[in-house]
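Heads up: the sequence shown begins at 2 in our numbering, then just goes up one per residue.
Here's the structure we're looking at; comments come further down.
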Amino acid sequence: MAALTPISRKPLSMVLPSVAGMGALIGVFIGAGNGSVALGLVAGAAVVTALAWVFVTYLQNETLARWGSVIGFGALGFVFAGALGALLGLMGGWLIGWFIYWLYEGRYRRKLLPYLTPKQVFFHYLFRVICGSIFVFLVTPILVVLPLSFNAQDFFTFTPEMLRLDPEGYSLKHYRDFFTNNEWQRSFKNSLIIAPLATLISVSLGTLAAIGLSQSHVPGRRLIMGILISPMIVPLIISATGMFFFYSDIGRFLEGSLGFNKTFVGYLKVVLAHAVLGIPFVIITVTATLVSFDRSLTRAAANMGAGPVRTFFKIQMPLILPGVISGGLFAFITSFDEVVVVLFVGSTNQKTLPWQMFTGLREQISPTILAVATILVVLSIALLTTVELLRRRSERLRGLSPS
Numbered sequence: 002m003a004a005l006t007p008i009s010r011k012p013l014s015m016v017l018p019s020v021a022g023m024g025a026l027i028g029v030f031i032g033a034g035n036g037s038v039a040l041g042l043v044a045g046a047a048v049v050t051a052l053a054w055v056f057v058t059y060l061q062n063e064t065l066a067r068w069g070s071v072i073g074f075g076a077l078g079f080v081f082a083g084a085l086g087a088l089l090g091l092m093g094g095w096l097i098g099w100f101i102y103w104l105y106e107g108r109y110r111r112k113l114l115p116y117l118t119p120k121q122v123f124f125h126y127l128f129r130v131i132c133g134s135i136f137v138f139l140v141t142p143i144l145v146v147l148p149l150s151f152n153a154q155d156f157f158t159f160t161p162e163m164l165r166l167d168p169e170g171y172s173l174k175h176y177r178d179f180f181t182n183n184e185w186q187r188s189f190k191n192s193l194i195i196a197p198l199a200t201l202i203s204v205s206l207g208t209l210a211a212i213g214l215s216q217s218h219v220p221g222r223r224l225i226m227g228i229l230i231s232p233m234i235v236p237l238i239i240s241a242t243g244m245f246f247f248y249s250d251i252g253r254f255l256e257g258s259l260g261f262n263k264t265f266v267g268y269l270k271v272v273l274a275h276a277v278l279g280i281p282f283v284i285i286t287v288t289a290t291l292v293s294f295d296r297s298l299t300r301a302a303a304n305m306g307a308g309p310v311r312t313f314f315k316i317q318m319p320l321i322l323p324g325v326i327s328g329g330l331f332a333f334i335t336s337f338d339e340v341v342v343v344l345f346v347g348s349t350n351q352k353t354l355p356w357q358m359f360t361g362l363r364e365q366i367s368p369t370i371l372a373v374a375t376i377l378v379v380l381s382i383a384l385l386t387t388v389e390l391l392r393r394r395s396e397r398l399r400g401l402s403p404s
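Following this line, the structure appears as structure tokens:
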């Protein structure tokens with residue numbers, strides 16, 4: 002671990018308070034895990050500040066200090082929490098050692114413009130710290146659920162075997178239960194039926210609406226746009242209540258007057274309700290794509306004799322396709338994860354995966370919920386990654402970013 006050339010060494014009056022803040026942040030997590038956030042905050046700030054003072058004042062050897070930090074915190078983690086604690090200790094020790102010298106040697110200015118004032122540098126990193134804290138706050142619950150889904154016991158907490166990284170503490174039995182249990186599989190199949198159909202309707206209607214509303218001559222288009230995206234704004238419980246009364250009348254008409262099967266009508270109501278929730282996402286993404294669309298292309302196609310339909314599928318659709326697919330993925334995720342509306346509109350025959358999870362939490366607390374939650378998280382991450390790739394492709398096609 003070779004020492005880097007310092008840019009400009011900073012005084013301890015600047016280094017120690019910053020290091021104390023980092024130690025306090027780490028101490029909050031350790032204290033929360035041991036039942037005392039305040040004690041963890043104070044102890045973390047004190048320990049890391051003292052360590053920085055010793056490293057800078059007496060040790061004066063970066064390589065030795067950083068290795069000592071890694072080994073020391075790794076040993077402490079092993080003593081108090083076993084193998085998992087040792088792993089976290091090693092990571093924390095490396096981070097602390099790096100941060101101390103990153104500040105003290107002035108390396109934090111290495112990639113910044115040289116004329117920035119100390120105040121500007123401070124707010125630059127403060128913004129990053131705030132964004133990072135929000136990210137950690139949002140992601141931490143997910144990171145807790147993922148390993149818990151492999152718990153060998155029927156508990157919603159980490160067992161001593163899991164904390165020791167003992168293979169006996171981990172199992173795939175909750176995943177096996179999900180794939181072999183008839184209730185879970187029936188709800189999973191319902192979600193796989195309802196979500197794609199709702200997405201197809203959302204994409205079809207949302208794309209047409211976005212194209213129509215992008216025309217400047219459409220009267221009251223702002224009002225229409227507000228109405229169409231209102232399902233995103235109105236509290237879901239209100240939307241679900243309105244859908245219940247609306248689709249109840251439609252269901253009675255289809256069953257009583259037209260003689261449709263009750264199960265088919267139930268699926269139809271849920272699909273249409275989920276399509277209503279998905280249409281706003283399609284409208285927003287397609288509208289954003291249409292902002293930079295060159296309308297002279299459609300006029301040129303019309304001048305060469307192409308009809309509106311041919312122009313749409315040959316000229317317009319290929320260019321706005323990334324936005325359409327992105328909206329469709331958002332609509333799919335919305336339908337696949339939705340539980341409130343289906344509780345109001347559907348019946349037990351249309352029980353979806355989120356509904357089954359809600360039932361499992363309310364009636365029988367089954368750890369299989371953790372396995373299902375992990376599967377949904379992985380699915381959502383994959384779909385959102387696809388959305389991001391499509392967004393970048395769309396920007397390249399529109400010339401908004403380099404290839």
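By construction, the Cβ of each residue, glycine as well, lies at the ideal position given by its N, Cα and C atoms.
**Asked** Excluding sequence positions up to five away, which residues of its chain have a Cβ less than 8 Å from the Cβ of residue 378?
**Response** Locating residue 378 in the sequence shown gives position 377, where the first residue counts as 1. Hits under 8 Å: 143, 146 and 147.
**Asked** So is residue 112 buried or exposed if we call it buried at 16+ other beta carbons inside 10 Å?
**Response** Position 111 of the sequence shown, counted from the start, is the residue given in the question as residue 112. Exposed: under 16 other Cβ atoms inside 10 Å.
**Request:** Hey, could you find the ends of the alpha helix (DSSP H) residue 358 is sitting in?
**Result:** As a first step, residue 358 is located in the sequence shown; it is residue number 357 there, counting from the start. In this chain, the alpha helix (DSSP H) harbouring residue 358 covers 354-363.
**Asked** Straight-line CA distance for residue 21 to residue 70?
**Response** Numbered from its first residue, the sequence shown carries residue 21 at position 20. Numbered from its first residue, the sequence shown carries residue 70 at position 69. Going by the C-alpha atoms only, they are around 16 Å apart.
**Request:** Work out the CA separation of residue 253 and residue 150 for me, nearest whole Å.
**Result:** Position 149 of the sequence shown, counting from 1, holds the residue named residue 150. Position 252 of the sequence shown, counting from 1, holds the residue named residue 253. If you take the alpha carbons of residue 150 and residue 253, they lie about 42 Å apart.
**Request:** Could you pull out every residue in the same chain whose Cβ sits closer than 8 Å to the Cβ of residue 272, ignoring the five residues on either side in sequence?
**Result:** Working through the sequence shown from its first residue, we reach residue 272 at position 271. The beta carbon of residue 272 lies closer than 8 Å to those of 195, 198, 199 and 202 in the same chain, with the five residues before and after it left out.
**Prompt:** Just checking my contact of residue 191 with residue 352 at CB under 8 Å: how many whole Å lie between their CB atoms?
**Reply:** Taking the first residue of the sequence shown as 1, we reach residue 191 at position 190. Taking the first residue of the sequence shown as 1, we reach residue 352 at position 351. The pair is a contact, with the Cβ atoms about 6 Å apart (cut-off 8 Å).
**Prompt:** Would you say residue 346 and residue 244 are within 8 Å of each other, going by their C-beta atoms?
**Reply:** Within the sequence shown, residue 346 is the residue found at index 345, counting from 1. Within the sequence shown, residue 244 is the residue found at index 243, counting from 1. Result yes, Cβ atoms of residue 346 and residue 244 sit closer than 8 Å.
**Request:** List the DSSP bridge partners of residue 152.
**Result:** On the sequence shown, residue 152 is found 151 positions in, with the first residue counted as 1. Bridge partners of residue 152: 171.
**Request:** Quick one: which unbroken alpha helix (DSSP H) runs of 4-plus residues sit fully inside the segment 304-328? Chain order, please.
**Result:** Within the segment 304-328, the complete alpha helix (DSSP H) runs of at least 4 residues are 309-312.
**Prompt:** What's the gap between the Cα of residue 180 and the Cα of residue 186?
**Reply:** To locate residue 180, count along the sequence shown from 1; it is residue 179. To locate residue 186, count along the sequence shown from 1; it is residue 185. In this structure, the CA atom of residue 180 is about 6 Å from the CA atom of residue 186.
**Request:** Would you kindly check if the distance between the Cβ of residue 104 and the Cβ of residue 11 is under 8 Å?
**Result:** Here residue 11 refers to the residue found at position 10 when the sequence shown is read from its first residue. Here residue 104 refers to the residue found at position 103 when the sequence shown is read from its first residue. Yes; because the gap between Cβ atoms is below 8 Å, this pair is in contact.
**Asked** Taking the continuous alpha helix (DSSP H) assigned at residue 295, which residues delimit it?
**Response** Here residue 295 is taken as the residue at index 294 of the sequence shown, counted from 1. Unbroken run through residue 295: none, as it is neither H nor E.
**Prompt:** What separation, rounded to the nearest whole angstrom, lies between the Cα atoms of residue 90 and residue 176?
**Reply:** To locate residue 90, count along the sequence shown from 1; it is residue 89. To locate residue 176, count along the sequence shown from 1; it is residue 175. Taken atom to atom, the span from the alpha-carbon of residue 90 to that of residue 176 is near 31 Å.
**Asked** Taking C-beta to C-beta, are residue 317 and residue 188 nearer than 8 Å?
**Response** Position 316 of the sequence shown holds residue 317. Position 187 of the sequence shown holds residue 188. When the beta-carbon positions are compared, residue 317 and residue 188 stay at least 8 Å from each other.
**Asked** Nearest to residue 162 by alpha carbon, out of 155, 285 and 170?
**Response** Here residue 162 refers to the residue found at position 161 of the sequence shown. The shortest C-alpha separation from residue 162 is found at 170.
**Prompt:** Mind checking residue 218: buried by the 16 CB within 10 Å criterion, or exposed?
**Reply:** As a first step, residue 218 must be located in the sequence shown, where it is residue number 217. So residue 218 ends up on the exposed side.
**Item:** Where the alpha helix (DSSP H) through residue 248 begins and ends
**Value:** As a position in the sequence shown, residue 248 is number 247, starting the count at 1. Following the DSSP letters along the chain, one finds residue 248 inside the alpha helix (DSSP H) bounded by residues 237-253.
**Prompt:** Under the rule that 16 or more other beta-carbon atoms within 10 Å means buried, what is residue 389, buried or exposed?
**Reply:** Working through the sequence shown from its first residue, we reach residue 389 at position 388. Here residue 389 is exposed: its Cβ has fewer than 16 other Cβ atoms, across all protein chains shown, within 10 Å.
**Request:** Would you mind stating whether residue 54 and residue 13 have Cβ atoms separated by less than 8 Å?
**Result:** In the sequence shown, counting from the first residue as 1, residue 54 sits at position 53. In the sequence shown, counting from the first residue as 1, residue 13 sits at position 12. At the C-beta level, residue 54 and residue 13 come within 8 Å of one another.
**residue 33 and residue 41 closer than 8 Å at C-beta** = Your numbering for residue 33 matches position 32 in the sequence shown. Your numbering for residue 41 matches position 40 in the sequence shown. Cβ atoms of residue 33 and residue 41: closer than 8 Å.
**Request:** Could you give the DSSP three-state label for residue 11: helix, strand or coil?
**Result:** On the sequence shown, residue 11 is found 10 positions in, with the first residue counted as 1. Reduced to three states, the DSSP call for residue 11 is coil.
**Prompt:** With distances taken between CB atoms, is the gap from residue 248 to residue 263 smaller than 8 Å?
**Reply:** Your numbering for residue 248 matches position 247 in the sequence shown. Your numbering for residue 263 matches position 262 in the sequence shown. In this structure, residue 248 sits away from residue 263, with a CB-CB distance that is not shorter than 8 Å.
**Prompt:** Do residue 320 and residue 215 have their C-beta atoms within less than 8 Å of each other?
**Reply:** Here the question's residue 320 lines up with position 319 in the sequence shown. Here the question's residue 215 lines up with position 214 in the sequence shown. The Cβ-Cβ distance between residue 320 and residue 215 does not fall below 8 Å.
**Prompt:** Going straight from the alpha carbon of residue 233 to that of residue 328, what length do you get?
**Reply:** Indexing the sequence shown from 1 puts residue 233 at position 232. Indexing the sequence shown from 1 puts residue 328 at position 327. Going from the Cα of residue 233 to the Cα of residue 328 covers about 13 Å.
**Asked** Anyone know if the C-beta pair for residue 394 and residue 309 falls short of 8 Å?
**Response** The residue given as residue 394 occupies position 393 in the sequence shown. The residue given as residue 309 occupies position 308 in the sequence shown. For residue 394 and residue 309, no; Cβs fall outside 8 Å.
**Item:** Limits of the alpha helix (DSSP H) - the one that residue 63 falls within
**Value:** Taking the sequence shown and counting its residues from 1, the one referred to as residue 63 is at position 62. In the DSSP annotation of this structure, the continuous segment of the alpha helix (DSSP H) that includes residue 63 starts and ends at 63-105.
**Request:** Can you grab the Cα-Cα spacing for the pair residue 155 / residue 92, in whole Å?
**Result:** Taking the first residue of the sequence shown as position 1, residue 155 is located at position 154. Taking the first residue of the sequence shown as position 1, residue 92 is located at position 91. Rounded to the nearest whole angstrom, the C-alpha separation of residue 155 and residue 92 is 30 Å.
**Item:** Limits of the unbroken alpha helix (DSSP H) element including residue 344
**Value:** Here residue 344 corresponds to residue number 343 of the sequence shown, with the count starting at 1. Per DSSP, residue 344 belongs to the alpha helix (DSSP H) from 341-346.
**Message:** Tell me the DSSP secondary structure of residue 133 in three-state form.
**Reply:** Stepping through the sequence shown from its first residue, residue 133 is reached at position 132. Three-state result, residue 133: helix.
**Prompt:** According to the neighbour-count rule (16 or more other Cβ atoms, all chains shown, within 10 Å of its Cβ), is residue 301 buried or exposed?
**Reply:** By one-based count along the sequence shown, residue 301 stands at place 300. That one is exposed.
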